[in-house]
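A short write-up of the structure that comes next.
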Amino acid sequence: ACNMNVDLLMALIFYLFLILIYYRYKDKFVVQNKVFVLYKTKIGLRLMEKIARKWPRLLKYAGYVSIFVGFSGMVLMLAILVKVTKDLIFVPGSPPGVAPVLPGVPIPGMPTLSFFHWIIAILVVATVHEFLHGVYARFINVNVKSSGFAFLGPILAAFVEPDDEQLNKKTKKEQILVYSAGPFANVLLALMLIFLFGLSIPAIGLTNDITKYTAIVDMEKLANKTVEADFKHITLESVEDGSPASIAGLKKGEKIIGINSKIINEDAEGFFLELGLLKPNDEIEIMTDLGSYNVVAAENKENASKGYIGISFKPEADIVPKKELVDRYGKFVAEIPLWLMMLVNWAIIINIGVGLFNLLPLGPVDGGKMFYTLMLGVFKNNESRAKKAYVVATVFCIALIIINLMPWIEKLLVFLFKPLLMLVM
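This note's numbering puts the first residue of the sequence shown at 386, with every later residue one more than the last.
As structure tokens, then:
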């Protein structure tokens with residue numbers, strides 16, 4: 386917990402530092418709509434121009450893929466958002482589907498994000514996103530006036546500023562091409578990193594739906610030579626009422642140590658295999674820190690051939706440098722590959738998260754602009770009808786996001802007001 390607070394504290398100090406810079410050099414910043422603060426530069430504009438001129442054919446064909454990925458991602462994200470919101474409301478123990486990406490704030494099923502991983506990953510994500518927007522603006526001969534970094538309230542961002550008058554005169558397809566380029570850049574970078582480093586994204590949901598989410602980061606395959614997973618136990622996050630696990634007497638918060646003589650910190654692979662191979666009516670012995678329970682698996686509603694016991698859990702595992710490396714090079718050097726792997730892992734997660742989130746048909750984000758432009762086409766340039774569809778989509782998305790953020794807002798309020806309540810009591 387100490388580590389978590391250090392990362393959170395560093396983030397708060399970083400924000401204070403940014404506020405001081407803003408007040409010290411106020412004339413260099415531009416404020417839009419009271420919450421959007423821009424620092425304009427000309428960084429990268431010549432390179433955008435160069436790429437747009439050098440590879441027009443590549444950009445043309447990549448553009449078709451970008452638009453396809455853009456609208457597919459929009460449909461996918463809406464479907465995911467609806468599903469996780471439905472689960473959050475109707476399925477007890479479901480985690481929220483939207484999480485704030487902040488250092489030191491634990492997200493179920495993810496390793497805790499450190500301050501430096503956060504800063505570097507956000508910088509990479511924002512840079513590639515905006516850079517490709519700029520490249521495609523130049524590709525369709527729209528001037529890019531400036532580039533730079535920005536803050537939308539507390540959210541760090543980067544931006545490019547295309548000439549809106551020129552952009553609005555272009556065809557709808559060309560406009561959508563520019564809007565979809567940013568999220569496409571993020572998804573593309575994430576896929577390239579997965580291809581290069583062979584990392585799997587922390588699995589959300591285990592194969593046999595025993596659990597809602599799990600945090601098995603598949604780093605061992607990549608880094609057999611440098612790190613190993615040191616599993617300790619599994620904490621029960623929830624036990625569904627009336628489920629086989631509940632009938633057997635398992636309670637939320639218990640720590641699972643083993644299943645059928647497979648002890649997790651001795652044979653993690655065997656342990657997860659036992660869970661994965663579970664069939665209906667199989668009887669398993671679950672050992673926890675409080676005792677052992679015999680559980681008879683029921684039939685899984687979503688897949689009749691799989692067993693269901695009705696628990697969601699969080700594996701407690703440390704990814705640690707191999708002992709022989711620590712012995713040979715010392716702890717600091719031995720941890721460098723692990724630190725770099727976590728950076729790549731977070732770059733993948735945040736690129737996919739930011740890329741797909743930006744595709745939601747929502748207000749000011751790229752997906753919102755794509756959706757509005759599409760609606761103009763559908764309604765034969767009838768602006769009032771296009772705007773109505775755009776507003777409905779935006780309000781719908783915001784409502785779903787707020788519902789998913791409620792558990793986080795609740796946690797934040799408890800974190801802030803608990804010390805005050807203790808003083809009053």
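Every residue, glycine too, gets a C-beta built ideally from N, C-alpha and C.
Exposure label - residue i; buried when at least 16 CB within 10 Å
i: Ile783; result: exposed
i: Asn609; result: Because the pLDDT at Asn609 is just 49, under 50, the model does not fix this residue reliably, and the value given afterwards should be weighed accordingly. Its Cβ having fewer than 16 others within 10 Å, Asn609 is exposed.
i: Asp392; result: buried
i: Thr470; result: buried
i: Trp503; result: buried
i: Val799; result: exposed
i: Pro746; result: buried
i: Glu515; result: buried
i: Ala464; result: exposed
i: Asn571; result: buried
i: Glu639; result: buried
i: Met760; result: buried
i: Phe524; result: buried
i: Val416; result: exposed
i: Ala689; result: exposed
i: Gly715; result: exposed
i: Met807; result: exposed
i: Ser479; result: buried
i: Leu401; result: exposed
i: Val486; result: buried
Residue nearest to residue i in terms of C-alpha spacing, selected from the options
i: Asn685; options: Leu573, Pro722, Gly661 and Phe802; result: Gly661
i: Ser507; options: Val545, Thr497, Ala683 and Pro488; result: Note that residue 507 is Ile in the sequence shown here, rather than Ser. With distances taken between Cα atoms, Ile507 lies closest to Pro488.
i: Ile505; options: Trp731, Ile619 and Ile787; result: Trp731
i: Ile492; options: Phe802, Leu798 and Trp793; result: Trp793
i: Leu658; options: Ser631, Ala683 and Gly692; result: Gly692
i: Leu466; options: Val454, Gly482, Lys796 and Ile649; result: Gly482
i: Ala546; options: Val809, Tyr407, Met433 and Phe569; result: Just to set this straight, residue 546 is Glu in the shown sequence, not Ala. Among Val809, Tyr407, Met433 and Phe569, the Cα nearest to that of Glu546 is on Met433.
i: Leu444; options: Arg713, Gly715, Ala566 and Leu761; result: Ala566
i: Val681; options: Pro706, Leu635 and Lys708; result: Leu635
i: Val705; options: Thr779, Phe580, Pro496 and Ala511; result: Pro496
i: Gly429; options: Ile649, Leu517 and Tyr678; result: Leu517
i: Met707; options: Pro700, Val486 and Phe717; result: In the sequence under discussion, the amino acid at residue 707 is Lys, which differs from the Met named in the question. Looking at the Cα atoms, Phe717 is the closest of the given residues.
i: Ile579; options: Leu808, Phe802, Ile619 and Met726; result: Met726
i: Val364; options: Arg713, Tyr714, Ala437 and Tyr775; result: Any property of residue 364 remains undetermined from this structure, which presents the chain solely from 386 to 810.
i: Val509; options: Ala543, Gly519 and Pro700; result: Ala543
i: Tyr521; options: Phe456, Lys468 and Pro441; result: Pro441
i: Ala633; options: Lys419, Asn650, Asn679 and Tyr424; result: Asn679
i: Met462; options: Ile619, Ile398, Asp652 and Leu785; result: Leu785
i: Lys812; options: Lys411, Ser457 and Lys419; result: Only positions 386 to 810 of the chain appear in the structure, and residue 812 is not among them; the question remains open.
i: Lys427; options: Ile733, Gly519, Lys468 and Leu405; result: Gly519
i: Asn418; options: Lys468, Pro749, Glu709 and Val490; result: Pro749
i: Asn390; options: Phe764, Lys637, Val490 and Lys468; result: Val490
i: Leu573; options: Gly458, Leu797 and Glu687; result: Gly458
i: Lys468; options: Leu710, Phe802, Arg409 and Ile788; result: Ile788
Cβ-Cβ separation, residue j to residue i (assumed contact under 8 Å), whole Å
i: Ser697; j: Ser623; result: 5 Å
i: Ile737; j: Ala484; result: That pair is no contact at about 13 Å.
i: Gly695; j: Ser631; result: 6 Å
i: Gly655; j: Lys647; result: 4 Å
i: Val422; j: Tyr407; result: 7 Å
i: Pro477; j: Asp667; result: Their Cβ separation, rounded to whole angstroms, is 24 Å, which puts Pro477 and Asp667 out of contact at 8 Å.
i: Phe569; j: Val454; result: 5 Å
i: Val729; j: Phe582; result: 5 Å
i: Asp355; j: Val527; result: What the structure shows of the chain is the stretch from 386 to 810, and residue 355 is not part of that stretch, so it cannot be assessed.
i: Ile649; j: Lys699; result: Between Lys699 and Ile649 the Cβ distance is about 13 Å, and since that is not below 8 Å, they are no contact.
Sheet register partners of residue i (DSSP bridge)
i: Val718; result: DSSP output for Val718 lists no bridge partner at all.
i: Tyr424; result: Phe414 and Phe534
i: Val545; result: Ser532
i: Ala332; result: In the structure as shown, the chain begins at 386 and stops at 810. Residue 332 is therefore absent and cannot be evaluated.
i: Met672; result: Gly643 and Ser677
i: His514; result: Paired residue(s): none; His514 is not in a bridge.
i: Val624; result: Ile696
i: Ala683; result: Tyr693
i: Ile788; result: Answer is none; Ile788 lacks a bridge partner.
i: Ile648; result: Gly643
i: Ile337; result: It is not possible to answer for residue 337, since the shown part of the chain is limited to 386 through 810.
Closer than 7 Å to chain B by CB, residue i
i: Ile648; result: No chain B is part of this structure, which consists of one protein chain only.
Worksheet entry | contact_flag[the segment 742 to 758, the segment 716 to 729] where n(CB pairs < 8 Å) is 3 or more | no
Worksheet item: Are the segment 764 to 779 and the segment 520 to 540 in contact at 8 Å, needing three or more beta carbon pairs?
Response: no
Worksheet item: Taking three-plus beta-carbon pairs below 8 Å as touching, is the segment 552 to 561 in contact with the segment 468 to 483?
Response: no
Worksheet entry | Stretch-stretch touch, CB-based, cutoff 8 Å, three pairs: the segment 633 to 645 with the segment 667 to 687 | yes
Discussion item. Counting beta carbon pairs with one atom in the segment 727 to 742 and one in the segment 542 to 556, are three or more of them shorter than 8 Å?
Written reply: no
Discussion item. Assess contact between the segment 539 to 550 and the segment 444 to 457, defined as three or more Cβ pairs (one per stretch) separated by less than 8 Å. Is contact present?
Written reply: no
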